[in-house]
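Remarks on the structure that follows.
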Ligand SMILES: [Fe+2]
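Residue numbers (the numbering used here): 30 to 492.
Right, dumping it as structure tokens:
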């Protein structure tokens, strides 16, 4: 059985809604909102080999109000989820299994759109999103039940990837769509503050690649094109396997926010992969991008180093990294900022697109599955970092930043994350003062059930 179905990754079988949770420490009264986190949680026994990314979307949430906490978890009821529920069994096999003819005729395609990856809160709407670019699913912020697909009045005729960005000044939702099967391989989109899809157009790229994130600055958007896609040698033999093309540069496409394909300026960088960017901003003639870069996601010779997280044939050894792109000269400069492996970074979303001082990154534990054993607060201006190590036996996940209402300091607020202890079959929500990570949690909310580790989270202020 896959390690991603056991211990800290064991799926849950029940949907709960429990108020008045037990809290150790004290929840700040000003912490008012909904912390949500998406995950893969198969409802039925997987058909064939299981990959962590296959599981049905399940969102776990904690509603904080008046110093108290309520826990909820619900599956994301996508079209495919409903088909399987009706059938009473898994109909789709996962991404590690061959793309058979039988799969090709499944409704919506051979890979199940689970909306299991990311979450975004825009105009009071909570959306669950999929890593392979699918249909955004709107969830109720009251009880996490599925409202239905969000296609922006029918204007969204294609996919919508994980990791869109909300511009806190304009309230635009900026996103991309990609496909590794058919053209267009990349699309760029903007939903305005009224919820209207005002931009959704193809941006030609030469080769289909697995794309995962983008970034925004105050006036620009940054698209990413890393050389991770089909292994061409295997593809010629009819086999679908992901490969890293180390002869092809990484590319960043910078365009004005409401610009289109004709406005994109591409910058080339050293071949690499990046799952998650931290931030981008404008500095004079430069666009500066910071993120968690992986230098070689699929080494030609699998390293025998212990303590490297792996997902199938992909190795996850991230490093904090910076690219500077000069819009005047067209030059790109890049450099490593730190070598500590961290991932799933989060920042103060109210300052998205401006020069940030702080990033909050879970630290990779030396395990062969992707797991985090603490949080690191980076001071990007000085390179300094402070750490909080999770208690022994506890693994944590992405930590959203919840700003203190009315705060003026960038780091005036709290970090909220779920943690799981497999040995004790216990889970909790840790709340830390972002100004003083090293002091440990100000409050630990004890969950009424053990929950698996998951993917991305979001802080929905006031929801
Ligand atoms: Fe992601």
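Backbone N, C-alpha and C define an ideal beta-carbon position, used for all residues, glycine too.
Q) Which partner residues does residue 124 have in the DSSP bridge list? A) Per DSSP, none; premise fails for residue 124.
Q. Hey, residue 428 and residue 391: beta-carbon distance below 8 Å or not?
A. yes
Q.
When you measure from the CB of residue 147 to every non-hydrogen atom of ligand 1, does any distance come out below 7 Å?
A. yes
Q | Three-state class that DSSP yields for residue 296 in the structure shown | A | strand
Q.
What residue range does the beta strand (DSSP E) around residue 113 cover?
A. Careful: residue 113 lies outside any beta strand (DSSP E), inside the alpha helix (DSSP H) at 108-116.
Q.
Please state whether the Cβ-Cβ distance between residue 463 and residue 389 is less than 8 Å.
A. yes
Q) Looking only at its own chain, which residues have a Cβ that is under 8 Å from the Cβ of residue 225, when we skip the five neighbours before and after it? A) 181, 182, 184
Q. Of the choices 451, 82, 490, 404, whose alpha-carbon is the least far from that of residue 435?
A. 490
Q: Rank 96, 42, 186 by C-alpha distance to the C-alpha of residue 74 and give the top, closest one.
A: 42
Q.
For ligand 1, I want to know if residue 484 counts as a neighbour, meaning its beta carbon is within less than 7 Å of at least one of the ligand's heavy atoms.
A. yes
Q: Name, in chain order, the residues that DSSP records as bridge partners for residue 16.
A: Residue numbering for the chain in the displayed model covers 30 to 492; residue 16 lies beyond these limits and cannot be assessed.
(Q) Quick check: does the Cβ of residue 389 come within less than 7 Å of any heavy atom belonging to ligand 1? (A) no
Q | Span of the alpha helix (DSSP H) around residue 133 | A | 130-133
Q. Any chance the CB of residue 192 is under 7 Å from a heavy atom of ligand 1?
A. Residue 192 has its CB nearer than 7 Å to a heavy atom of ligand 1.
Q. If you pair each beta-carbon of the region 111-125 with each one of the region 189-200, do three or more pairs fall below 8 Å?
A. no
**Q.** For residue 87, the nearest candidate out of 94, 36, 136, 148 (CA to CA)
**A.** 148
Q.
Let me check you understand the geometry: is the CB of residue 241 closer than 7 Å to at least one non-hydrogen atom of ligand 1?
A. yes
Q: Taking residue 253 as the reference, give the member of 300, 151, 380, 449 with the closest Cα.
A: 300
Q. So the beta strand (DSSP E) residue 379 belongs to, where does it begin and stop?
A. Bounds of any beta strand (DSSP E) do not take in residue 379, whose DSSP letter is neither H nor E.
Q: Give me the Cα-Cα distance between residue 146 and residue 56, rounded to the nearest whole angstrom.
A: 28 Å
Q: Might you give, ordered along the chain, the residues of its own chain that have their beta carbon closer than 6 Å to the beta carbon of residue 213, omitting 5 neighbours on each side?
A: 231.
Q.
Nearest by alpha-carbon distance to residue 160: which of 38, 170, 305, 316 is it?
A. 305
(Q) Taking the alpha helix (DSSP H) that residue 265 belongs to, which residues open and close that run? (A) 261-265
(Q) I'd like the list of long-range same chain contacts for residue 356, defined as Cβ closer than 8 Å, with 5 residues on each side in sequence excluded. (A) Cβ within range, chain order: 283, 294, 314, 315, 316.
Q. Which residue from 368, 350, 387, 364 puts its Cα closest to that of residue 493?
A. Because the chain spans 30 through 492 in this model, residue 493 falls outside it and cannot be assessed.
Q. When every heavy atom of ligand 1 is checked, does at least one fall within less than 7 Å of the C-beta of residue 305?
A. yes
Q. Residues in its own chain within less than 6 Å of residue 456 by CB, not counting five upstream and five downstream?
A. 449, 476, 479, 480
Q) Rounded to a whole number of angstroms, what is the C-alpha to C-alpha distance between residue 198 and residue 453? A) Distance between the alpha carbons of residue 198 and residue 453: 44 Å.
Q: Whole angstroms is fine: what's the gap from residue 256's alpha carbon to residue 320's?
A: 17 Å
(Q) Under 8 Å: do the region 86-102 and the region 119-133 share three or more Cβ pairs, one atom per stretch? (A) As far as the Cβ criterion goes, the region 86-102 does not touch the region 119-133, which means the pair count is below three.
Q. When DSSP labels each residue in this structure, what does residue 418 get in the three-state scheme?
A. Strand at residue 418.
(Q) Extract the residue ranges of the alpha helix (DSSP H) inside the region 129-169, only unbroken runs of 4 or more that lie entirely within it. (A) 130-133
Q: Check the DSSP bridge columns for residue 249 and list the partner residues they point to.
A: 285
**Q.** CA-to-CA distance, residue 286 to residue 426, given in whole angstroms
**A.** 31 Å
**Q.** Continuous beta strand (DSSP E) stretch holding residue 397: start and end
**A.** Note, residue 397: premise wrong, no beta strand (DSSP E); not H, not E.
Q) For residue 48 versus residue 105, is the C-beta distance shorter than 8 Å? A) no
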